[in-house]
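K.L.:
Have a look at the structure that comes next, please.
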Amino acid sequence: MSNGVKETALRRLAITTGIIDIFRFFGDRNEKRSLHTKKLLEEKLVNSDRYL
27 MSNGVKETAL RRLAITTGII DIFRFFGDRN EKRSLHTKKL LEEKLVNSDR
77 YL
């Protein structure tokens, strides 16, 4: 697997999971769960930046 293909796949995965997390975050009415989801989303963004 070439580096470019790997990078594109990782970016696509990060974007897809990020979008799902954003919808989950806005869909949450329970504030505690929203804060937890927001924390997970921020961690995921940090982790995806590390790979890109």
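Be aware that the sequence shown starts at 27, since it is given in this note's numbering, and climbs by one per residue.
Quick reminder that beta carbons are idealized off the backbone N, C-alpha and C, glycines included.
Just so it is clear, the structure is predicted and the values come from calculations on it, not from any experiment.
(1) If you check the beta carbons only, do D47 and L61 fall under 7 Å apart?
(2) What's the C-alpha gap between G44 and L71?
(3) With DSSP collapsed to three states, give me the class of S74.
P.N.:
Concretely, from the data shown:
(1) no
(2) Linking G44 to L71 through their CA atoms gives a straight-line distance of about 8 Å.
(3) helix
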